[in-house]
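Reviewing the structure listed below.
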Amino acid sequence: GAGVSQSPSNKVTEKGKDVELRCDPISGHTALYWYRQSLGQGLEFLIYFQGNSAPDKSGLPSDRFSAERTGGSVSTLTIQRTQQEDSAVYLCASSLGLVSTEAFFGQGTRLTVV
Amino acid sequence: AQSVAQPEDQVNVAEGNPLTVKCTYSVSGNPYLFWYVQYPNRGLQFLLKYITGDNLVKGSYGFEAEFNKSQTSFHLKKPSALVSDSALYFCAVYSSASKIIFGSGTRLSIRP
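First to last, the protein sequences are chains L and X. Under the numbering used here, residues 109 to 222 are what the first sequence spells out, in order. Under the numbering used here, residues 6 to 117 are what the second sequence spells out, in order.
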């Protein structure tokens with residue numbers, strides 16, 4: 109597609125439920141990133157995929173968070189047993205995977221845990 | 006470890022005046038630096054980048070940034086601010102692990 113697509117755009121879930129957030133990167137982009145942004149604040153790095161390499165999961169805040177990227181394209185971020193502190197905007201970005209190239213961001217998924 | 010710092014949470018400027026949003030970085034090796042902007046209720050957009058070459062880089066919407074190796078800074082500038090420039094600005098650097106590290110963001114407010 110023309111840009112990075114994230115779905116759903118908004119998600120309200122009850123505390124303790126599992127949620128899945130989806131990211132469709134730009135075609136041909138080998139790098140994919142997930143970030144979390146709380147209340148218009150800074151970007152917290154979560155996880156990074158590059159080609160077929162093992163993902164960099166160093167930013168995942170707990171073992172309730174996991175992500176996968178199937179076929180080097182679509183990625184799913186899963187949060188199990190959601191907590192209220194998980195409420196945030198989850199942003200996905202993709203790039204050509206070179207240090208000289210910028211990342212393109214999706215519009216984000218606003219997650220609200222009630 | 007690579008990092009980037011934005012020392013100002015908020016910058017207030019009158020329309021028509023020059024603006025500067027500060028960024029300093031810490032990297033091992035060559036720095037690859039970026040500025041992104043986030044307008045209200047919109048996603049992040051790329052503004053400009055420094056990879057190599059000329060220390061003054063120009064980007065979208067009339068913005069420019071100056072790379073200063075001795076001061077490890079990459080400040081964002083614009084000669085004449087517009088009200089429409091009001092947004093959240095992020096400085097970013099590629100880490101040695103090739104993931105992108107973002108600063109904490111600076112909210113720019115331009116008053117008419």
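The beta-carbon is built from N, C-alpha and C at its ideal position, and this holds for glycine as well.
Practice task
Would you check if there are 3 or more beta carbon pairs closer than 8 Å linking the segment 186 to 202 of chain L to the segment 64 to 73 of chain X?
Solution key: The segment 186 to 202 of chain L is not in contact with the segment 64 to 73 of chain X.
Exercise for the section: Taking only beta-carbon positions, decide if X/A102 is within less than 8 Å of chain L. Expected result: yes
Handout entry: Alpha carbon of X/G21 to alpha carbon of L/G136, nearest angstrom
Key = 41 Å
Exercise for the section: Name, going along the chain, the residues of the segment 186 to 202 of chain L whose beta-carbon falls closer than 9 Å to a beta-carbon of chain X. Expected result: L199, A201
Practice task
Would you please verify whether the beta carbon of L/F60 is less than 8 Å from any beta carbon of chain X?
Solution key: Not covered by the structure: residue 60 of chain L. The range shown for chain L is 109 to 222.
Practice task
Indicate whether at least one CB of chain X lies closer than 8 Å to the CB of L/S117.
Solution key: no
Problem - Start and end residues, beta strand (DSSP E) containing X/H80 - result: It spans 78 to 83 - the beta strand (DSSP E) in which X/H80 sits, taken as one unbroken run.
Exercise for the section: Whole angstroms is fine: what's the gap from L/E176's alpha carbon to X/F79's? Expected result: 34 Å
Practice task
Check whether the segment 164 to 174 of chain L touches the segment 11 to 30 of chain X, taking contact to mean three or more Cβ pairs, one atom from each stretch, closer than 8 Å.
Solution key: no
Practice task
Could you work out which residues of chain L lie near X/Y94, taking near to mean beta carbons separated by less than 9 Å?
Solution key: In chain order: nothing, as chain L lies at least about 11 Å away.
Handout entry: Members of the segment 152 to 171 of chain L near chain X, C-beta cut-off 7 Å
Key = Close to chain X, meaning a Cβ-Cβ distance shorter than 7 Å, are the following residues of the segment 152 to 171 of chain L: F153, Y156, Q158, D164.
Problem - Supposed contact pair L/V112 and L/G214 - C-beta distance, whole angstroms, cut 8 Å - result: 4 Å
Problem - X/S103, DSSP secondary structure in three states - result: coil
Problem - Per-residue burial, X/T111 [other beta carbons within 10 Å of its own, 16 or more giving buried] - result: By the 16-neighbour rule on beta-carbons within 10 angstroms, X/T111 is buried.
Exercise for the section: Measure the beta-carbon distance from L/C131 to L/S183 and round it to whole angstroms, keeping in mind my assumption that it falls under 8 Å. Expected result: 5 Å
Handout entry: Contact belief for X/L53 with X/G64 at Cβ below 8 Å, rounded distance in angstroms
Key = 3 Å
Problem - Cut-off 7 Å between Cβ atoms - residues of its own chain near L/Q192, not counting five sequence neighbours on either side - result: K123, V221
Practice task
Answer yes or no: do X/A92 and X/Q43 have a C-beta to C-beta separation smaller than 8 Å?
Solution key: yes
Exercise for the section: Give the range of the beta strand (DSSP E) segment to which L/Y156 is assigned. Expected result: 151 to 158
Problem - Residue burial classification, L/Y114 (beta-carbon count within 10 angstroms, cutoff 16) - result: According to the sequence shown, residue 114 of chain L is Gln rather than Tyr. Its Cβ being crowded by 16 or more others within 10 Å, L/Q114 is buried.
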